[in-house]
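A.B. asks: Submitted below is the structure of interest, expressed as structure tokens.
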Amino acid sequence: MNENTVPDVADIFVCARCGFCCHGETTVSLDERDQERMIKALGLTREQTQARYWRVTGSVVQMQVRDGHCIFFDDQVGCTVHEGRPWRCRQWPLHPSMLADEDNYRTITDSCPGLNKELSYEQFCRIFQALLDLGEGGKFSG
Ligand code: SF4
Ligand code: SF4
1 MNENTVPDVA DIFVCARCGF CCHGETTVSL DERDQERMIK ALGLTREQTQ ARYWRVTGSV
61 VQMQVRDGHC IFFDDQVGCT VHEGRPWRCR QWPLHPSMLA DEDNYRTITD SCPGLNKELS
121 YEQFCRIFQA LLDLGEGGKF SG
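UniProt numbering puts the sequence shown at residues 1 to 142.
Written out as structure tokens, the structure is:
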């Protein structure tokens, strides 16, 4: 990207659909809007959604884990609740904290093969900041 080019998220990130971010023994938590979006996307009632897909601990709602990954992750197709996925899944891996913390940028870059590793940290930050300035933050994740 040169100085006059409109930035494109693909300049810094294209999801490789490796599934790394959907694995682990816990998942991101769902806020109220996430819950409503997911219920709508699934076409189920809240009670059905909770019974089939959520793990509720006190006031914390997460997705259930199966075989070491989020219940919605499928090896062949990736996220099976794409339209209804939580905002943290939508944001990943482009977390604004990377702009202020190069160590955090390195940590995330090491775990996500979709980030463009040919860019320097400064180039990455310039493009990412331009995208955020355009209001493109939080819409990136595949
Ligand atoms: S966001 Fe990154 S870690 Fe997650 S599936 Fe895409 S490439 Fe893999
Ligand atoms: S909701 Fe989708 S993107 Fe988020 S962890 Fe589960 S499978 Fe991955």
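Don't be surprised by glycine CBs; every beta carbon is placed ideally from N, CA and C.
To which residues of the same chain is S97 closer than 7 angstroms at the C-beta, ignoring the five residues directly before and after it?
C.D. replies: So the list reads N104, once near-sequence residues are dropped.
A.B. asks: Could you please give the first and the last residue of the uninterrupted alpha helix (DSSP H) stretch that includes R52?
C.D. replies: Where R52 is concerned, the enclosing alpha helix (DSSP H) stretches over 46-53.
A.B. asks: Going by DSSP, what residues sit across from F124 in a beta bridge?
C.D. replies: Note: F124 sits in no beta bridge, so no partner.
A.B. asks: How would you call T109, buried or exposed, if buried means at least 16 neighbouring beta carbons within 10 angstroms?
C.D. replies: Buried, since its Cβ has 16 or more Cβ neighbours within 10 Å.
A.B. asks: Mind pulling the alpha helix (DSSP H) runs of 4 or more residues that sit fully within the stretch 30-113?
C.D. replies: Here the runs fully enclosed are 32-42, 46-53, 87-91, 102-111.
A.B. asks: If the criterion is Cβ atoms closer than 7 angstroms, does the pair V81 and F72 meet it?
C.D. replies: Contact: yes.
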